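As structure tokens, the structure follows; a few thoughts come after it.
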Amino acid sequence: MSERGKTKFQIDLRRHLRERNVAPDLVHLICEIAEASKYIINSIRTGDLGVAGTSNLYGEQQLALDVLADRILTKRLQHSGVVGNVLSEEADDIICVSNNCNGLYSVAFDPLDGSSIVNVNLAVGTIVSIFGGCNLLRPGREQVAAMYILYGPRTTLMYSTGEGVHEFGMNQLMEYTLLQENITIDQQANLYSPGGLRNLFTPAIEEYVQKLEEKGCKLRYSGGFVPDINQVLIKGKGVFLYPHLQGKPNGKLRLSFELNPMAFLVEQAGGAASDGHGPILDRVPEGKDDRAPIFIGCKEDVAMAEDIIRRYEE
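Here the numbering used here = 1-based position in the sequence shown + 244.
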């Protein structure tokens, strides 16, 4: 079949990256992460859903799948030949792969976001942030790529290297082939996904949620960051929030592992991501476990959150 006769479903991930003139080593890295996901999805389907008997550095109990997914991805990155530093949400510290990061990449990742809901068979995912060089504690705007893999009824991969957001699906041969290019988000939402206990919302957040409901936004929340952001991107009309709460001024989600890569993807799709005062991607992390509130999705609704918060703080 000629090149012109091929459908988008026959364009695999590696070919798509190359055709978009992505640097060869970055192509290799993204494809290595995609390969690792095949082993993670197999572990989810067949592995132990129990407790590993250990805790991560945040004091959270680790599941056996958390530990296994972390080992699979870390090992793949360490042997990729293009990675200088690795930082996993499940690890205590940065893993130095090479003392000379010149020309290499550094990767921060959450190996299995939403693992607490995997035992009830809800969708979970892997989130990845990629920087050039050694330093991982930089503003998210300096990412060279971000991606996530969603393990749901079907396995999909979403990536951006700064030129749009593209979705791939895993076929029967466990190969990722193109589903959609250049995904975009509308200006206004028709659904919202609110994290955190509502009785802990501040007055500003309570007003914000009321205004979303008054304009007809439907509540759609799965309890998993990856499926909820995927819903916003695929439907193109949503907003996700995990705000500052009473007693938790920094919210719950972590800048390096969750917020930066998702903010990068959503901005590339024409949306916005804010901590309630300004863009998530402009925040300078003070440490690897920094957290921040998040309002992410349709631009006008993210701007409305900032306006309401600003008014309450005046």
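A virtual CB, placed ideally from N, CA and C, is assigned to each residue, including glycine. As the structure is a prediction and not an experimental result, all values here were calculated from the model.
Under three-state DSSP, which class holds residue i?
{"i": "residue 342", "result": "coil"}
{"i": "residue 359", "result": "helix"}
{"i": "residue 254", "result": "helix"}
{"i": "residue 512", "result": "helix"}
{"i": "residue 411", "result": "strand"}
{"i": "residue 354", "result": "strand"}
{"i": "residue 490", "result": "coil"}
Enumerate in chain order the residues of its own chain whose CB-to-CB distance from residue i is below 7 Å, with the five nearest sequence positions on each side excluded.
{"i": "residue 352", "result": "331, 373, 380, 500, 501"}
{"i": "residue 378", "result": "328, 329, 345, 350"}
{"i": "residue 556", "result": "447, 448"}
{"i": "residue 526", "result": "383, 385"}
Taking 7 Å as the threshold (C-beta atoms), are residue j and residue i in contact?
{"i": "residue 483", "j": "residue 545", "result": "yes"}
{"i": "residue 396", "j": "residue 433", "result": "no"}
{"i": "residue 361", "j": "residue 467", "result": "yes"}
{"i": "residue 411", "j": "residue 402", "result": "yes"}
{"i": "residue 551", "j": "residue 481", "result": "no"}
{"i": "residue 342", "j": "residue 310", "result": "no"}
{"i": "residue 399", "j": "residue 514", "result": "no"}
{"i": "residue 348", "j": "residue 328", "result": "yes"}
{"i": "residue 408", "j": "residue 393", "result": "no"}
{"i": "residue 549", "j": "residue 494", "result": "no"}
{"i": "residue 476", "j": "residue 376", "result": "no"}
Exposed or buried, residue i, counting other C-beta atoms within 10 Å across all chains shown (16 or more means buried)?
{"i": "residue 263", "result": "exposed"}
{"i": "residue 384", "result": "buried"}
{"i": "residue 519", "result": "buried"}
{"i": "residue 441", "result": "exposed"}
{"i": "residue 462", "result": "exposed"}
{"i": "residue 265", "result": "exposed"}
{"i": "residue 458", "result": "exposed"}
{"i": "residue 460", "result": "exposed"}
{"i": "residue 421", "result": "buried"}
{"i": "residue 454", "result": "exposed"}
Check the C-beta distance from residue i over to residue j and give it rounded, since I have them as a contact under 8 Å.
{"i": "residue 279", "j": "residue 315", "result": "At roughly 15 Å, the Cβ-Cβ gap does not stay under 8 Å, so residue 279 and residue 315 are not in contact."}
{"i": "residue 277", "j": "residue 391", "result": "7 Å"}
{"i": "residue 553", "j": "residue 506", "result": "That belief does not hold up - the Cβ atoms of residue 553 and residue 506 are roughly 20 Å apart, past 8 Å."}
Skipping 5 residues on each side, what residues in its chain have a beta carbon closer than 6 Å to that of residue i?
{"i": "residue 538", "result": "486, 497, 503"}
{"i": "residue 283", "result": "316"}
Just to confirm my understanding: we take residue i, look at its own chain, exclude 5 residues before and 5 after, and list those with CB closer than 8 Å. What are they?
{"i": "residue 258", "result": "271, 275"}
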